[in-house]
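So the sequences go chain by chain: A and B. Quick note: the first sequence, position 12, residue 12 per the UniProt record's numbering, numbers continuous. Quick note: the second sequence, position 8, residue 8 per the UniProt record's numbering, numbers continuous. The block underneath contains the structure these notes are about, expressed in structure tokens.
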Amino acid sequence: MSLSGRDKTIVKSFWDKIGSRSADIGAEALGRMLRVFPQTKTYFAHWSDLGPDSPQVRKHGSVIMAAVGEAIGKIDDLTGALSSLSELHAFKLRVDPANFRILAHNLIVVIASYFPADFTPEAHVSFDKFLMRLAFALSERYR
Amino acid sequence: MVEWTDFERATIADIFSKMKYEVVGPAALSRCLVVYPWTQRYFGNFGNLYNAAAIMGNPMVAKHGTTILHGLDRAVKNMDNIKSEYAELSVLHSEKLHVDPDNFRLLSDCLTIVVAGSLGKEFNGDVQAAFQKFLAVVVNSLGRQYH
Numbered sequence: 001m002s003l004s005g006r007d008k009t010i011v012k013s014f015w016d017k018i019g020s021r022s023a024d025i026g027a028e029a030l031g032r033m034l035r036v037f038p039q040t041k042t043y044f045a046h047w048s049d050l051g052p053d054s055p056q057v058r059k060h061g062s063v064i065m066a067a068v069g070e071a072i073g074k075i076d077d078l079t080g081a082l083s084s085l086s087e088l089h090a091f092k093l094r095v096d097p098a099n100f101r102i103l104a105h106n107l108i109v110v111i112a113s114y115f116p117a118d119f120t121p122e123a124h125v126s127f128d129k130f131l132m133r134l135a136f137a138l139s140e141r142y143r
Numbered sequence: 001m002v003e004w005t006d007f008e009r010a011t012i013a014d015i016f017s018k019m020k021y022e023v024v025g026p027a028a029l030s031r032c033l034v035v036y037p038w039t040q041r042y043f044g045n046f047g048n049l050y051n052a053a054a055i056m057g058n059p060m061v062a063k064h065g066t067t068i069l070h071g072l073d074r075a076v077k078n079m080d081n082i083k084s085e086y087a088e089l090s091v092l093h094s095e096k097l098h099v100d101p102d103n104f105r106l107l108s109d110c111l112t113i114v115v116a117g118s119l120g121k122e123f124n125g126d127v128q129a130a131f132q133k134f135l136a137v138v139v140n141s142l143g144r145q146y147h
């Protein structure tokens, strides 16, 4: 399910639309993931506060979204762009890659709630494909 | 048996009491057919599903989306017995319709996203958790009679 030219255009222009709200979106998506899929909390046992207003959650959500933004800038070579992050997740963090899908779902839920009119099914399918490719690139170094 | 908190029961009742079935049902099913196009395999006799615009405007899709959403009403009314409520429907989807049960999850994800879009800020983390738990139980019940 590789990204067509159209997918890439749609993802880039939606990212521009998201603009400065990306940090909020990332924070909210991470917070929702921890709340709705509590098994994901197992990776953050070292944080003192896993609630939606936790400063640790907010900070990490914006870190994640910054990485997503960088990946969009290098959308033609996601594997290369995410190589070192993939190594980090594979060898140091050892996050089960199934969780990337869970976070992607929550990102989409938040985007849909922030942009109900703009997040049409066409925008949704391109974004979903992109996030799946991103997850795949992030799991590239696992084995 | 599934344990429901008072908050979860109230949240599910509230969401469905305000639900615009003729809007949300078609939106969820058509979104599923666009975002996960392999799901179109079950709708060969629905006419034109050629592109997103055709799917979104297809009256058979719209009607079926409403039907599916109303299918959740029985679970809303009997949250303590969802498994037995859907036993027959599960057999139907397995033996007659031959639907891969993974599709129930795809549709429930699309429904969650459509409801998030329509409720906005009201669809906070706690509400989402209740809604997704409810849908997960329904999805599980629908897949239960497969063998």
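Quick reminder that beta carbons are idealized off the backbone N, C-alpha and C, glycines included.
query: From A/I25 to B/E95, what does the alpha carbon distance come to, in whole angstroms?
result: 42 Å
task: Please name the residues in the UniProt domain "Globin" (2-143) of chain A whose beta-carbon is closer than 7 Å to at least one beta-carbon of chain B, in chain order.
output: G31, R32, R35, V36, P52, H105, I108, V109, A112, S113, P116, F119, P121, E122, H124, V125 and D128
Own chain residues within Cβ distance below 8 Å of B/W38, not counting five before or after: none
Residues near B/F134 in its chain [Cβ-Cβ closer than 6 Å; skip 5 each side]: I12
field: Outcome for A/H105 when other beta-carbon atoms lying within 10 angstroms are tallied against a minimum of 16
entry: buried
- request: Determine the direct distance from the alpha carbon of A/G73 to that of B/G143, and round the result to whole angstroms.
  value: 41 Å
task: Measure from the C-beta of B/G117 to each C-beta in chain A and report whether the shortest distance is under 9 Å.
output: yes
Partner residues on chain A for B/M56, Cβ-Cβ distance less than 8 Å: P121
field: Alpha-carbon to alpha-carbon, A/D77 and A/S84
entry: 13 Å
query: Mapping DSSP to helix, strand and coil, what is A/L3?
result: coil
task: State the start and end residues of the unbroken alpha helix (DSSP H) segment that holds B/D126.
output: G125 to G143
task: Would you decide whether A/D16 is buried or exposed? Buried here means 16 or more other CB atoms lie within 10 Å of its CB.
output: exposed
message: As a quick exercise: from A/A90, A/D49, A/P38 and A/R143, pick the residue whose alpha carbon is nearest that of A/L103.
response: A/P38
message: For the structure I just gave you, are there three or more beta carbon pairs, one from the segment 106-113 of chain A and one from the segment 15-25 of chain B, closer than 8 Å?
response: no
message: Nearest by alpha-carbon distance to A/I10: which of A/E122, A/L138, A/R143 and A/L134 is it?
response: A/E122
- prompt: When the cut-off is 9 Å and only beta carbons count, does B/I113 lie next to chain A?
  reply: yes
field: B/V114, enclosing alpha helix (DSSP H) - first and last residue
entry: D102 to L119
message: Rounded to the nearest angstrom, what separates A/A66 and A/S20 at their Cα positions?
response: 11 Å
task: Whole angstroms is fine: what's the gap from B/A54's alpha carbon to A/S126's?
output: 18 Å
message: Just checking A/W47 against the ligand ZN - is the residue's beta carbon closer than 8 Å to any of the ligand's heavy atoms?
response: You won't find the ligand ZN in this model; it holds no ligand whatsoever.
- prompt: Which bits of chain A does B/F104 rub up against, with CB to CB less than 9 Å?
  reply: Result: empty, since nearest Cβ-Cβ is about 15 Å, beyond 9 Å.
message: Using 8 Å for Cβ pairs, my map puts A/L30 next to A/V57. What's the rounded Cβ distance?
response: 5 Å
- request: Compare the C-beta of B/R31 against all C-beta atoms of chain A and say whether one is closer than 9 Å.
  value: yes
task: Please state whether DSSP places A/T40 in a helix, a strand or coil.
output: helix
task: Check B/W4 in the structure and name its three-state DSSP category.
output: coil
query: Nearest-angstrom Cα distance between B/H64 and A/Y43?
result: 41 Å
Spatial distance of B/C110 from B/R31 (CA atoms): 6 Å
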